[in-house]
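In our numbering, the protein residues as written are 2 to 159.
Each remark here refers to the structure printed beneath this line.
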């Protein structure tokens, strides 16, 4: 199965309930923020349980699940990320991506966009030797840049 993320920006909180047929018909224009009890910072900047309408949305496809996770492991190696038990907190670049969330709010998206921008020169240099690594890196960078500040990303399939 493919790994597919939907991204929305220009989020506006809706005060009332959304009609089911509207929500289903334009599903990518609406997002209800999930509760993450073990990773609450992933939704920072949005109200858990609230529904938002996107002024703009975009899709990001990363191909097969195995290949996506292989590239994610390569990114962790590239950034010298240390695997630790879920309870052990770790700061650093790309941390939120490696923790396994499938929803990223505007604050985390902005932080990850900054991480990808910071590491971009080194990733580009590595891409001269490993083109597939940089292709995925660049797509992640664009994805988080799209959602930074007033957007969100959510996993649609994997």
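Glycine included, C-beta positions come from ideal geometry on N, C-alpha and C.
Computed from a predicted model, the values in this text were never measured in an experiment.
Those residues which DSSP pairs with residue i across a bridge
i: residue 152; result: 10
i: residue 54; result: 13, 31
i: residue 69; result: Per DSSP, none; premise fails for residue 69.
Member of the options whose CA lies at the smallest distance from the CA of residue i
i: residue 2; options: 132, 65, 116; result: 65
i: residue 11; options: 83, 32, 95; result: 32
i: residue 110; options: 41, 150, 68; result: 150
i: residue 67; options: 4, 39, 51; result: 4
i: residue 74; options: 142, 158, 137, 143; result: 137
i: residue 114; options: 48, 53, 63, 139; result: 139
For residue j and residue i, the rounded distance between their alpha carbons
i: residue 152; j: residue 145; result: 9 angstroms
i: residue 118; j: residue 96; result: 15 angstroms
i: residue 76; j: residue 126; result: 14 angstroms
i: residue 99; j: residue 70; result: 10 angstroms
i: residue 94; j: residue 17; result: 37 angstroms
i: residue 128; j: residue 116; result: 17 angstroms
i: residue 124; j: residue 81; result: 13 angstroms
i: residue 49; j: residue 79; result: 33 angstroms
i: residue 130; j: residue 61; result: 24 angstroms
Whether residue i touches residue j by CB criterion (8 angstroms)
i: residue 55; j: residue 147; result: no
i: residue 83; j: residue 9; result: no
i: residue 72; j: residue 134; result: yes
Close Cβ partners of residue i (< 8 angstroms) along its chain, the five nearest in sequence each way excluded
i: residue 104; result: 34, 35, 37, 43, 44, 153, 154, 155, 156
Beta-carbon contacts of residue i that lie in its chain and below 6 angstroms, excluding the five residues immediately before and after
i: residue 108; result: 45, 46
i: residue 53; result: 12, 14, 32
i: residue 51; result: 14, 34
Cβ-based neighbour list, residue i, same chain, cut-off 7 angstroms, excluding 5 preceding and 5 following
i: residue 40; result: 100, 102
i: residue 121; result: 142
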